[in-house]
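Below: the structure, in structure tokens.
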Amino acid sequence: MSLAEFCVRRPAFTTVLIMSLVVTGVFSFRDLSVDLLPQADPATVSVNVQLPGASPDEMSSSVAEPLEQALSGIAGVDEIASRLGVGSARITVRFVLERDINEAAQDVREKVAGALGSLPPQVEPPVIAKADPEAQPIFTIAVGGPYDLRTLTEVADKRVRRALEAVNGVGEVTVAGGRAREIHIDLDIEKLSAIGLSAAQVREAIASNNVEIPGGRIDQGDAEVMLRTPGRFDRVEEFAQIVVTTEGGTPIRVADIAEVKDTEEEPRTSAFLDGQRAVVIDVRRQSGQNTIRVIEDIRQALGDLQPTLPPDLTFVYTRDDSRFIYASITSLEEHLILGSLLASLVVLLFIRSVPAMLISALAIPASLIATFTLMRVMDFTLNTMTLLGLTLAVGIVIDDAIVVLENVFRKIDEEGLPPFRAAVDGTAEVLLAVAATSLSLVVIFLPVAFMTGYAQRFIYPFGVTMAFAILVSLLVSVTLTPMLGARMLKRTSGHKASEQRFYRWIDAGYTRSLRWALAHRAAIVGVSLVTFAATIPLAQMVGRSFLPTEDQGEFEITVDAPEGTSLAGMEKIVRALGMKLEGVPGVANVMPTIFERVNHSHLLVKLDPVEDRSLTQEDVAMHARDTMSSYAAYRPTVIFKQAIGGGESNNWPILVNLYGPDLTTLSGYALRLNETLQALPQLIDVKARVNLGNPEIRVAVDRQRAGDL
1078 MSLAEFCVRR PAFTTVLIMS LVVTGVFSFR DLSVDLLPQA DPATVSVNVQ LPGASPDEMS
1138 SSVAEPLEQA LSGIAGVDEI ASRLGVGSAR ITVRFVLERD INEAAQDVRE KVAGALGSLP
1198 PQVEPPVIAK ADPEAQPIFT IAVGGPYDLR TLTEVADKRV RRALEAVNGV GEVTVAGGRA
1258 REIHIDLDIE KLSAIGLSAA QVREAIASNN VEIPGGRIDQ GDAEVMLRTP GRFDRVEEFA
1318 QIVVTTEGGT PIRVADIAEV KDTEEEPRTS AFLDGQRAVV IDVRRQSGQN TIRVIEDIRQ
1378 ALGDLQPTLP PDLTFVYTRD DSRFIYASIT SLEEHLILGS LLASLVVLLF IRSVPAMLIS
1438 ALAIPASLIA TFTLMRVMDF TLNTMTLLGL TLAVGIVIDD AIVVLENVFR KIDEEGLPPF
1498 RAAVDGTAEV LLAVAATSLS LVVIFLPVAF MTGYAQRFIY PFGVTMAFAI LVSLLVSVTL
1558 TPMLGARMLK RTSGHKASEQ RFYRWIDAGY TRSLRWALAH RAAIVGVSLV TFAATIPLAQ
1618 MVGRSFLPTE DQGEFEITVD APEGTSLAGM EKIVRALGMK LEGVPGVANV MPTIFERVNH
1678 SHLLVKLDPV EDRSLTQEDV AMHARDTMSS YAAYRPTVIF KQAIGGGESN NWPILVNLYG
1738 PDLTTLSGYA LRLNETLQAL PQLIDVKARV NLGNPEIRVA VDRQRAGDL
């Protein structure tokens, strides 16, 4: 007894078999995560080290080089990059795609801990994050409300930032534009000289008094009491009353030699929203984490936190990557459903039987829904590649059912067999052909398993999804299709004359064309060869890209002012530029942020909804470049959201690295090359990343004369 005959005679078994696949697929679908693309970003770990007052050269020799040497011994390291500043060093370690982010981060922690002994003793504890610091944020929040900037900063930094850092999958949370509280003690130099005190003595006195010392515990029989000596100061008056020294039995307090003020820290960051100062929080995910899931958890955390915050405090979500991902996935799902309906209508058009159309159409949902089970087992996500595979599979999975059904239908209608016998015989006749067709399609995707690198990360889910859907469709076509055909198909009584004339006309036209082609084989082969040859130069004219640039309704512009530009000067530049950009057609608003360096700014350009603008994202960017032509000295650069990596350094299609022993000479070559490349009409946004440091005043102490004083 063949499988088809067994299924025809055992409808309950067939129904349970297919329904079990479908039900399992439905529950698997509920557990599938959603993302724009398959996970393809490499494990990236950053190490941030602070050494207050150290120059970039000192940070390089004393901090970065020992850490780089230690980190280079970790297995699977692909690249180590360092960015140095005054008193700070950021070392980014990128691993090969196969490394797990948690294991990589643990290896980095161990190597950094082992290298601490070779670092200067004044180095602050390194901060290690499982995120690419150059990657664009996935979520940005502007904190606002009827409060001053200092209050907003307190809430954003102490409450919101800490809540977001606790969210699973969040790699880094940064706050920009805030003004944190700070106690300033401005010393009177003349009074210090008169008393004979130094600034170091005052600092030591403040540090020794502003401390909280644990006192241990006191046993009281059956109970014990903890002893604590609170000494942390919080008010200006407490700092002012600290005794620095005594002179003639009279205590000299801080208030006697200095002015104590409750004020704000020196600003080094700024952010603006709708022309007003704002406190902005950027959230970056850990490498390898699902964007949608992280953002959903962030929204949940903010919702839980909101009732505990001051009233009237508002959150404005200026960046939310999940919106574009959901829109893209929803669009693909709509195309998937529409394609399934159209495929069913085409079947109805040619078979001209509603029961036959329904039977063949059942192969589509049965095959696709069952595929969700494999996707769940393989830990795939619902993304553009897996949904593309399912969409393309629609036209393939229905083929097997059509071939089987058409043969069964022919045996009933033309040979007059009873439906049960027609279902068994018709399926047996085409079983080998159907299996060969399906398996040949599956074999096409076997090489995917042997691919490596980014291509494997993208194509593997696509190929496996399609292959499994095709295999399920083969199972459906030899089990469910003959079983339903035996019970639903009946011999037709003939079709209308008009319908018969239409199909006869199609058949006659095809027959004439086929006969002509067989009689003129040389002409057909010649035309085919000429057509193929003509496509070769056309293929060379088609652009090539690993992934297309999607219209996400936003892009960033980076601006770099000359070294030595102050924060106030940079604010004037970006606010003026932001106002100009808001006049560009298609631009909704611009949010400038100054964070990493005072002469470096990011402007987040939000566009109008796609349905409300006639220009594409690239068109708006070109208009923005024209608008920024008068700001060429500040090297404005347009950055689109990247599907892979996403960092500013990973955004360039062409990246030229220059190496040499002398930084000054190397910078000169880089600037000359930059000018040459800018003159090429084929290139835009040419930018040399040259940083020789801020202008500085050096005070060289004559140690011999100083010792004589």
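Numbering (our numbering), first residue to last: 1078 to 1786.
Glycine included, every Cβ here is placed at the ideal spot set by N, Cα and C.
Report buried or exposed for residue i, applying the criterion of at least 16 other Cβ atoms within 10 angstroms of its Cβ.
| i | result |
| --- | --- |
| Arg1256 | buried |
| Gly1723 | At Gly1723 the pLDDT is 48, less than 50, meaning the model places this residue with poor confidence and gives no usable figure here. |
| Ser1437 | buried |
| Thr1742 | exposed |
| Ile1613 | exposed |
| Asn1676 | buried |
| Arg1775 | exposed |
| Ala1089 | exposed |
| Phe1527 | exposed |
| Leu1595 | exposed |
| Thr1091 | buried |
| Arg1171 | buried |
| Thr1391 | exposed |
| Glu1324 | exposed |
Give me the residue from the options with the minimum Cα distance to residue i.
| i | options | result |
| --- | --- | --- |
| Ile1215 | Val1093, Glu1259, Phe1632, Asp1177 | Phe1632 |
| Pro1143 | Val1337, Val1200, Gln1383 | Val1200 |
| Val1664 | Val1675, Asp1689, His1412 | Asp1689 |
| Asp1381 | Leu1274, Pro1686, Leu1241, Gly1630 | Leu1241 |
| Ser1706 | Ala1276, Thr1742, Asp1762, Thr1753 | Asp1762 |
| Phe1672 | Thr1741, Thr1251, Val1619 | Thr1251 |
| Ala1478 | Ile1334, Ile1547, Leu1518, Leu1754 | Ile1547 |
| Met1668 | Ala1190, Ala1081, Val1085, Ala1219 | Ala1219 |
| Ser1622 | Gly1308, Ala1510, Trp1729 | Trp1729 |
| Ala1420 | Ser1408, Leu1566, Leu1439 | Leu1439 |
| Arg1376 | Val1247, Ala1355, Asp1584 | Val1247 |
| Val1480 | Pro1496, Arg1305, Ala1505 | Ala1505 |
| Arg1160 | Ser1195, Gly1153, Val1124, Ala1181 | Val1124 |
| Ile1262 | Asp1333, Leu1494, Val1185 | Asp1333 |
| Pro1307 | Gln1318, Gly1298, Pro1291 | Pro1291 |
| Asp1628 | Pro1639, Val1682, Glu1640, Leu1654 | Val1682 |
| Leu1523 | Pro1772, Met1543, Arg1749 | Met1543 |
| Thr1468 | Arg1498, Glu1411, Ala1152 | Glu1411 |
| Glu1145 | Arg1167, Val1331, Ser1132, Asp1134 | Arg1167 |
| Thr1368 | Pro1115, Gln1781, Ala1433, Arg1294 | Pro1115 |
| Val1471 | Ile1521, Gly1416, Pro1496, Tyr1537 | Gly1416 |
Taking the alpha helix (DSSP H) that residue i falls in, what are its first and last residues?
| i | result |
| --- | --- |
| Glu1752 | 1740-1755 |
| Glu1605 | The identity of residue 1605 in the sequence shown is Ser, whereas the question assumes Glu. Residues 1598-1618. |
| Ala1233 | Segment: none, Ala1233 is in no alpha helix (DSSP H) and carries neither H nor E. |
| Pro1432 | 1431-1438 |
| Thr1626 | First-last for Thr1626: undefined, no H or E at that position. |
What residue does the beta strand (DSSP E) around residue i start on, and which one ends it?
| i | result |
| --- | --- |
| Asp1263 | 1258-1264 |
| Asn1666 | 1664-1671 |
| Pro1328 | 1327-1330 |
| Leu1482 | Element bounds for Leu1482: not the beta strand (DSSP E) but the alpha helix (DSSP H), 1461-1490. |
| Arg1376 | That residue, Arg1376, is in no beta strand (DSSP E); its alpha helix (DSSP H) goes 1368-1382. |
| Ala1253 | 1247-1253 |
Please state whether the Cβ-Cβ distance between residue i and residue j is less than 7 Å.
| i | j | result |
| --- | --- | --- |
| Val1111 | Leu1464 | no |
| Ser1515 | Leu1551 | yes |
| Val1313 | Val1337 | yes |
| Ile1178 | Ser1364 | yes |
| Val1393 | Ala1253 | no |
| Lys1657 | Thr1714 | no |
| Leu1482 | Lys1488 | no |
| Val1485 | Gly1466 | no |
| Arg1309 | Glu1281 | no |
| Pro1538 | Ala1500 | no |
| Leu1735 | Tyr1746 | yes |
| Thr1635 | His1679 | yes |
Name the DSSP beta bridge partners of residue i, please?
| i | result |
| --- | --- |
| Phe1392 | Val1220 |
| Val1636 | Ser1678 |
| Pro1291 | Arg1305 |
| Arg1312 | According to DSSP, which records beta bridges pairwise, Arg1312 is partnered with nothing at all. |
| Glu1336 | Asp1263 |
| Ser1123 | Thr1169, Ala1206 |
| Phe1349 | Arg1354 |
| Ser1159 | Ile1168 |
Quick one: is the Cβ of residue i within less than 6 Å of any heavy atom of the ligand GTP?
| i | result |
| --- | --- |
| Gln1694 | Of ligands this structure carries none, so the ligand GTP is not represented either. |
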